[in-house]
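Trainee:
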């Protein structure tokens, strides 16, 4: 729509709203975003298929759960990279200060289009997250949630409160919010080890549990791994599907 | 990705960790110090495989950086890169594959 | 809140304002000044025509709107009779409108009644005419009681302002009107137009009265049915039935009123609206929904203008130079518009040429869409310039000399306020770098810039992992 027309329409609508109140007239887009979500492809075709809607939903909360060395962060970075292909602005919120730019580039992310947030504490991280969601203009936000934080009662409460506020604004701004929920380090970690009083499982529309299945060796060096991703919760279709992905470390040192 | 610990001053030097080591004979029949058990987050992680080792010795003319790197796999399922600062003998966790 | 500002006995107040010496001007000729002789406007007592306006003192003697001058003289023999000076009243009316538009653009001045509207009342002598409510061109029909004090009436929409804040604003508006025009306004405040106007009628000059939503039922039910636009016959029947107040009135079923009064379609609909408005206020049933107003306050088309003028010592005859000046003018004007949150629809370009005998060359352009964008303004001004330049050239070709401009004036008129963009109507454009910058700068203000980074390659093949990339702190610039 050209700007002139758009401007005219906005004018008309604001006049109508002046007269009848802001609820009187709503755009189709707003209604739509409530009834179904468009999606952001993850870049893994098997995973896209497994979640049925073809990727992560816009305007909803998604969650990837995985123990350390399960491939969780790799998958998240690939999703970011995939989003950036479509010229989207991505934010990575990194409360544990462990973002690795070197590896991010190997996963295909474009650093110049990435905003890395390293807040001083978790509270601030939540406030910044809230501001980013409200601000619109951001398409993908990845929030890295270390196990220690998710398990602590105080931060779990703070997170629950923030999520509650976020839900409504997310629906309006349509950004993809992806939480990376780490499981504790355990040889056979499963969803049973998930922090019990976290509110994320409740608010997330899609929960993916990623587990490493086997290493990919090249000569004697580990070169990557195969992982399986279980769709643990899916508000857009049946849960329980499994996708297998292979993750390689793309020529790391 | 990996997680990279780079907290520190100008260049992050990684996360200091406690490391138990043992000596082993290398391919060139010399004896090297090898990591055997690392302690991180109050948890012991037994090294079950060292998949790659390499050394870095640079900047010796001004501020020598001399490190022995190990990429290793633990019994708790971690794949990490650790290094020993050969000047001070301290161990650091630098990268966690995730 | 809707505020209704009335100046009771407007025409006579304006006439008296003329006579007052500058010292006395501030002491208003309010209800206390009973010593004044009455004033009737319309002509001399012997002239066979209706009066145009009268003062409060005369009203006390029983003079009513639409009466003949002769009758007014009988009722109030000591009153002074003067002829009508319409332009004078209209200019005073405009003065008040100007003051009100300083407060809000949602001002709806009610047009002053003219002589022609008074005339047929008497000539036709039709008893079934809408009973003597003077101005007939008002958007909503008003009852007789509204016109009794011959007021000038202005309705302001204070939008969502709560009553607590609306009252001080109304008082400020009243003060401002009094100070600049020496007239004494009465202000009524309510959540809808009808009640606000009633409140204004029932308020003393120089006072403001708020009728809150809770007080409305009580306030309304006690008022006379004369506030409704009743026709004479209907008025008579209702009074025969003993119905005097709105409270009694709404106790009657609407259907029977319709059949009793034989209303036509248009007036029937308006009447029903009014009926339900009153009914809903007095006996809330919740079924009718929010009947906040019968007719919204229409924003007044402002006649403000922005202008910029350049005077040249030596005549300018280079088209390129003039264009350059116009570009500068456009950006200056755009900045002013932006500051005032206004957009313009109409542009005028006036070129004065160095020969005195010629009128300035004047061209005007109306844009289809209002704008405050300097680029749009430049485009429009260019178009105007080329049009004007042809005329200049034509003029000079006739006289055979070189063209030269000594004055260039750009005037912008026909403003409207910038449409507030309240909701994101359309999907944001994909990488809205500007928007992102804005979000970031807000975040920087809130959290300090220490938390936001952009990773950048430093030495991507460095043997030490941590030296390959750096984190650049993002800063507001």
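Residue numbers (the working numbering), protein chains in the order written: chain W, 40 to 292; chain H, 1106 to 1203; chain D, 1101 to 1577.
Heads up, the beta-carbon is just placed ideally off N, CA and C, and yes, glycines get one too.
Source: prediction; values computed, not measured.
Starting from residue 1479 of chain D, trace the alpha helix (DSSP H) both ways and give me its first and last residue.
Mentor: 1474-1499
Trainee: If I follow the unbroken alpha helix (DSSP H) through residue 1156 of chain D, where does it start and stop?
Mentor: 1156-1160
Trainee: List, in order along the chain, the chain B residues whose C-beta lies closer than 9 Å to that of residue 109 of chain W?
Mentor: You won't find chain B in this structure, because its protein chains are W, H and D.
Trainee: Excluding the five sequence neighbours on either side, which residues of its own chain have a C-beta within less than 6 Å of the C-beta of residue 265 of chain W, listed in chain order?
Mentor: Once the five neighbours on either side are set aside, the close Cβ partners of residue 265 of chain W are 252, 253 and 285.
Trainee: If you drop the 5 nearest sequence neighbours on each side, which residues of the same chain put their C-beta closer than 8 Å to that of residue 1572 of chain D?
Mentor: Hits under 8 Å: 1553, 1554, 1555 and 1556.
Trainee: Along the beta strand (DSSP E) that carries residue 1124 of chain H, what are the first and last residues, could you check?
Mentor: 1120-1130
Trainee: With a threshold of 8 Å between beta carbons, is residue 1163 of chain H in contact with chain D?
Mentor: yes
Trainee: Check whether chain D comes within 8 Å of residue 1127 of chain H, counting only Cβ atoms and requiring the distance to be less than that.
Mentor: no
Trainee: Spell out whether any CB of chain W is found under 8 Å from the CB atom of residue 1187 of chain H.
Mentor: no
Trainee: Hey, does residue 157 of chain W have any beta-carbon neighbour from chain D nearer than 8 Å?
Mentor: Look at residue 157 of chain W: its C-beta is under 8 Å from a C-beta on chain D.
Trainee: If you count every other CB in all the chains shown that lies within 10 Å of the CB of residue 215 of chain W, and 16 or more means buried, which is it?
Mentor: buried
Trainee: Mapping the DSSP letters down to three states, classify residue 224 of chain W as helix, strand or coil.
Mentor: coil
Trainee: Would you mind giving the Cβ-Cβ distance between residue 1443 of chain D and residue 1472 of chain D, rounded to the nearest angstrom? I have them listed as a contact below 8 Å.
Mentor: Between residue 1472 of chain D and residue 1443 of chain D the Cβ distance is about 5 Å, and since that is below 8 Å, they are a contact.
Trainee: Helix, strand or coil, according to DSSP, for residue 1140 of chain D in the structure here?
Mentor: It is a strand residue.
Trainee: By DSSP's criteria, residue 282 of chain W is part of a beta bridge. Which residues make up the other side?
Mentor: W:268
Trainee: Show which residues of chain W have a CB atom less than 7 Å away from the CB atom of residue 1157 of chain H.
Mentor: 260
Trainee: Closer than 8 Å, CB to CB, is residue 1474 of chain D near chain W or not?
Mentor: Not one chain W Cβ lies under 8 Å of residue 1474 of chain D.
Trainee: Is it the case that the Cβ atoms of residue 1136 of chain D and residue 1157 of chain D are separated by a distance below 8 Å?
Mentor: yes
Trainee: Using the beta-carbon of each residue, which ones in chain D are nearer than 8 Å to residue 153 of chain W?
Mentor: Taking a Cβ-Cβ threshold of 8 Å, the residues of chain D close to residue 153 of chain W are 1554 and 1555, in chain order.
Trainee: Pull up the distance between the alpha-carbon of residue 1139 of chain H and that of residue 184 of chain W, whole angstroms please.
Mentor: Their backbone Cα atoms lie some 33 Å apart in a straight line.
Trainee: Could you work out which residues of chain W lie near residue 1543 of chain D, taking near to mean beta carbons separated by less than 7 Å?
Mentor: Correct list: 167 and 170.
Trainee: Take the Cβ of residue 158 of chain W as the centre, count every other Cβ of all protein chains shown within 10 Å, and call the residue buried at 16 or more, exposed below.
Mentor: buried
Trainee: Under the assumption that residue 1415 of chain D contacts residue 1479 of chain D (Cβ atoms under 8 Å), give the Cβ distance between them as a whole number of angstroms.
Mentor: About 26 Å; that fails the 8 Å criterion.
Trainee: When the cut-off is 8 Å and only beta carbons count, does residue 1171 of chain H lie next to chain D?
Mentor: no
Trainee: Provide the residue span of the beta strand (DSSP E) that contains residue 1162 of chain H, from first to last.
Mentor: 1148-1163
Trainee: Give the DSSP-derived three-state secondary structure of residue 235 of chain W in the structure shown.
Mentor: coil
Trainee: In chain D, what lies closer than 7 Å to residue 141 of chain W by C-beta?
Mentor: The contacting residues are 1565, 1568 and 1569.
Trainee: Give the residues of chain D in contact with residue 1200 of chain H, contact being defined as C-beta atoms less than 7 Å apart.
Mentor: Ordered by position in chain D, the residues that pass the 7 Å Cβ test against residue 1200 of chain H are 1565.
Trainee: What did DSSP end up calling residue 1225 of chain D once you bin it into helix, strand or coil?
Mentor: The predicted position of residue 1225 of chain D is uncertain, since its pLDDT is 44 and thus under 50; no value can be drawn from it.
Trainee: Report buried or exposed for residue 1106 of chain D, applying the criterion of at least 16 other Cβ atoms within 10 angstroms of its Cβ.
Mentor: Counting the other CB atoms within 10 Å of its CB gives residue 1106 of chain D a total of 16 or more, which places it among the buried residues.
Trainee: To the nearest angstrom, report how far apart residue 1319 of chain D and residue 1311 of chain D are at their CA atoms.
Mentor: 8 Å
Trainee: I need the boundaries of the beta strand (DSSP E) containing residue 1288 of chain D, first residue and last residue.
Mentor: 1286-1290
Trainee: Let me know the secondary structure DSSP gives residue 1283 of chain D once reduced to three states.
Mentor: DSSP, reduced to helix, strand and coil, places residue 1283 of chain D outside both helices and strands of the structure shown, so it counts as coil.
Trainee: Using DSSP with H/G/I as helix, E/B as strand and the rest coil, what is residue 1555 of chain D?
Mentor: strand
Trainee: Mind checking residue 1351 of chain D: buried by the 16 CB within 10 Å criterion, or exposed?
Mentor: exposed
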